Amino acid sequence: MNKLYDLIPSQDTMYLMQKYTFHKQIIQIPTSFMVDMDVDFNTLTKALNIEIERNDSMRLRFKKDKKKIQQYFLDSYKIDSVKVLSFKTEDEQNKFFTKDAQTPVRFLKDECYRIYFFNSYNGYKGIYLNASHMAMDAMGILVFYLDLLAIYKALKMGEEMPAPLLKYEDYIIKEHERCSDKERFEKDKKFYHEYFLSAGEPTYSGVHGPEFLQKERKKKKNPELKVPSAYSPLLDKAEVINKKVSPELSMKILEFCKSRSVAPESLLLLGMRTHLSWLNGRDPYGMQLLMCSKRIKHKDFRTGGCMAQPLQVRTVINEDMTFTQALDEFLAVRTSLYRHLTYPYTVARDQFREMYNYSLIQGPASLMFSWLPIPVTEFKDFKFDFKTYNLGRYFSPLYAICYPDPQSASIALHYMYRVKLINPGHLDALHNNTLKIIEQGIENPEITIGELLDSLN
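Every position in the sequence shown, counted from 1, becomes a number in my numbering once 6 is added.
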């Protein structure tokens, strides 16, 4: 057996999700990456085996001894062949991959991912990867796709191989070193204590409105209850709705973010947060989860594996603040949280839970948001299409995954929602109002939050 490593905080976070469900598939990421060019699948298989050598997260395996999970890296591993599928219709293709997306990847049984190559119904050639979140996060999956295609191109063109990837194993070692720094841990703990205490207890603001919280207040006979039991291991059936931002507004959003050095995730999350405030009595207090890839340095974007963990974005945005001031507040909170990325989410979550005496299934965040910065200009020789698929189950009420879609020249939003709490009408309102808020804010940055809230009536 090769050297065993304990899980790092990012992996602990992913495994935590499974404690809120009986369904194993919620800790996996099913995606496809399609290109509009002819692909020799035999050469692509050769490229895949080279990728497995270069990208050690593809050789990551897990074992469980009693209650403890550990991980190790295989020295070598080869895939003899990859099944090639062909689809005649979009419905046939989506049905196949949705079924696979909802079939667990058994990471404790040496299955950390499943891969298919396919001929798409629209003439594109594709790669489908369903990876355990324990082994890869969304950015780790993009590292895989982009490096694999770069290797394929090098083989076909007889060119030099792309620059090597960095080892995920080295990241794991460094992460354990950072976590063992007791002085740093205590500084992070103090920061989070002050951060959670500074604005008091937040109120749960759901995309479904205040009815759920009001119902729980009656049930618990506590009219002051602010946070309901929203995380259910039983009522976790999920569906997905995909929406797009118009190419015109998408360009405005990306150009605004570039000109102001603002991450698109901050702008989009501010828009969503403002809608949630309006829907829930114009509450100035809010908390949402922002999935952070933790890939801060340039070299991190050449590293596979799982580094991501949620950030608890706690903001107080009053109605007299301008759109610019509200965005600055968002950025300030996000930046302060980035300075404490070594503090494990599971520890921060428990610290917050104990501070306000929450049960294990209580949580003030009704929404988790993730921005995938797909490098749409990386490849100029062909068009490509990236897709994510419905897991069928999810632990949180709503997970919004957002990314630039090169095929439609727009921003794509993938809303995965728990059907017991949320319906498509709720998501239509969230999507439309978010874009309305953002467009007004871009056109008039001095508009106040109060005026934006009034515009939604």
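No residue lacks a Cβ here, since even glycine has one placed at the ideal position from N, Cα and C.
Computed from a predicted structure; not experimentally measured.
Could you check if T341 is buried or exposed, using at least 16 other CB atoms within 10 Å of its CB as the buried criterion? exposed
Suppose the cutoff is 6 Å on Cβ atoms and the five residues either side in sequence are ignored; what does the same chain contact list for P229 look like? R223
Quick one: give me the first and last residue of the alpha helix (DSSP H) that F103 is part of. E96 to A107
Have a look at F124, C118, T51 and L114 and flag the residue whose alpha-carbon is nearest the alpha-carbon of D71. L114
Pick helix, strand or coil for K2, following the three-state DSSP scheme. The displayed coordinates of the chain run from 7 to 463. Any statement about residue 2 would go beyond what the structure contains.
At what residue ranges does the segment 204-281 contain a whole run of the alpha helix (DSSP H), taking only runs of 4 or more? 217-226 and 253-266
Measure the alpha-carbon distance for D46 versus K131 and round it to whole angstroms. A direct Cα-to-Cα measurement between D46 and K131 gives close to 9 Å.
In whole angstroms, what is the alpha-carbon distance linking G431 and L419? In a straight line, the C-alpha of G431 is about 15 Å away from that of L419.
Which residues does DSSP list as the beta-bridge partners of T321? G292
Label H304 either buried or exposed according to how many other C-beta atoms from any shown protein chain fall within 10 Å of its C-beta, with 16 as the threshold for buried. exposed
Can you find the residues in the same chain that come closer than 7 Å, C-beta to C-beta, to I323, ignoring five residues on each side of it along the sequence? Its chain contains P290, A332, E335 and I455 as the residues whose beta carbon lies nearer than 7 Å to that of I323, once the 5 sequence neighbours on both sides are disregarded; these appear in chain order.
Please report how far the alpha carbon of D14 lies from the alpha carbon of K232, in whole angstroms. It should be pointed out that residue 14 corresponds to Ile in this sequence rather than to Asp. Whole-angstrom Cα-Cα distance: 32 Å.
CA nearest to the CA of T394, picked from I247, N61, C263 and P451: I247
Which residues in the same chain as E192 place their Cβ atom closer than 7 Å to its Cβ, once the five residues preceding and following it in sequence are excluded? none
Kindly indicate which residue of D81, Q446 and T37 has the alpha-carbon position closest to the one of K9. D81
DSSP three-state call for R112: helix, strand or coil? coil
So for A332, helix, strand or coil by DSSP? A332: helix per DSSP, three-state reduction.
Assuming G292 and T321 form a contact by the criterion Cβ under 8 Å, report the distance between their Cβ atoms to the nearest whole angstrom. 6 Å
When you compare only the Cα positions, how much space is there between E183 and A137? 27 Å
Distance, E200 Cα to R399 Cα: 35 Å
Coarse secondary structure for H199, derived from DSSP in three states: helix
Indicate whether Q315 and M140 have their beta-carbon atoms separated by less than 8 Å. no
Name the residue from L433, L66, E98 and P379 whose alpha carbon lies nearest to the alpha carbon of Y302. In the sequence as displayed, the identity of residue 302 is Ile instead of Tyr. Of the candidates L433, L66, E98 and P379, the one whose C-alpha sits nearest the C-alpha of I302 is P379.
L148 to A107, Cα distance in whole Å? L148 and A107 have their C-alpha atoms roughly 17 Å apart.
Does the distance from the C-beta atom of M374 to that of S402 stay below 8 Å? yes
Between F527 and P234, which are expected to be in contact by the criterion C-beta below 8 Å, what is the C-beta distance as a whole number of angstroms? Only positions 7 to 463 of the chain appear in the structure, and residue 527 is not among them; the question remains open.
When DSSP labels each residue in this structure, what does S138 get in the three-state scheme? strand
Identified DSSP bridge partners for L404: According to DSSP, which records beta bridges pairwise, L404 is partnered with Y423.
Does the Cβ-Cβ distance between D194 and H346 come in under 8 Å? The Cβ atoms of D194 and H346 lie closer than 8 Å to each other.
From T37 to D326, what does the alpha carbon distance come to, in whole angstroms? Cα-Cα distance, rounded: 42 Å.
Straight-line Cα distance separating E59 from L255: 42 Å
My guess is that L152 and A53 are in contact by the Cβ rule of under 8 Å, so how many angstroms apart are they, rounded? Not really, about 12 Å apart at Cβ, beyond 8 Å.
Using the rule of at least 16 other Cβ atoms within 10 Å of the residue's Cβ for burial, across every protein chain shown, is F28 buried or exposed? exposed
Buried or exposed by the 16-neighbour rule on C-beta atoms within 10 Å, applied to E175: buried
Roughly how many angstroms separate the alpha carbons of I33 and V90, rounded to a whole number? 25 Å
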